[in-house]
Amino acid sequence: MKPKGRLNRRCGASAAIAAACLLFFLHGCSAVTSRPDNSLYERLGGYPVVRAVVGDVVDRTAANPKSKQSFDEVNVKNLKKSIVEQICSLTEGPCTYGGDDMQTAHKGLNISEGEFNILAEELRQALDAHGVGTREKNELLRILAPMKRDIVTR
47 MKPKGRLNRR CGASAAIAAA CLLFFLHGCS AVTSRPDNSL YERLGGYPVV
97 RAVVGDVVDR TAANPKSKQS FDEVNVKNLK KSIVEQICSL TEGPCTYGGD
147 DMQTAHKGLN ISEGEFNILA EELRQALDAH GVGTREKNEL LRILAPMKRD
197 IVTR
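If you're matching positions, the sequence shown starts at 47 in this note's numbering and goes up one per residue.
Pasting the structure below:
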């Protein structure tokens, strides 16, 4: 009977080691797939979502009677392209923003706090409409919020 006991102990020890290794490797795999290390750009949905959100925000803000005067002298197509590049860059995407700083870009546009708030609300709604998660939406808004002091000039 002794040989049988040794065999059972060996099998039991081998099974325990195999189970421990399996758990270790499975934990490692789950850690890789669930890590929040993806850039905000990727978590937003990448270029297609950023472009769609920016397009919606600019179109709606430019059409709003309370904010459209700020777009009278603006090339909307170039504005959209510039904002997409900026958001892509700020959220660790592959883009490089080559536009002016916010103070220079908005100089002389006389944008009011009310107009800024309209744009901010349009941004929230567009992010929701394109299925952007709450965490990502809040991260993006935290990145963009400090620009308000350079955009609002009246």
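Positions of the beta carbon are idealized from the N, C-alpha and C atoms, including for glycine.
- Task: To the nearest angstrom, report how far apart R106 and V198 are at their CA atoms.
- Result: 19 Å
- Assigned secondary structure, V120 (DSSP; H/G/I helix, E/B strand, else coil): coil
- Query: Where does L155 sit, in a helix, a strand or coil, going by DSSP?
  - Reply: coil
- Member of I133, L136 and A151 whose CA lies at the smallest distance from the CA of F117: A151
- Query: Apart from the five residues on each side of it in sequence, which residues of its chain come closer than 6 Å, Cβ to Cβ, to K183?
  - Reply: L173
- Please name the residue, chosen from E159, L125 and T180, that lies closest to S113 on a Cα-to-Cα basis. E159
- Message: Applying the 10 Å Cβ sphere with the 16-neighbour rule, what's the burial state of L186?
- Response: buried
- Query: Mapping DSSP to helix, strand and coil, what is P94?
  - Reply: helix
- State the Cα-Cα distance for the pair G154 and L86, rounded to the nearest angstrom. 32 Å
- Query: Would you report the Cα separation of K194 and Y93, rounded to the nearest angstrom?
  - Reply: 24 Å
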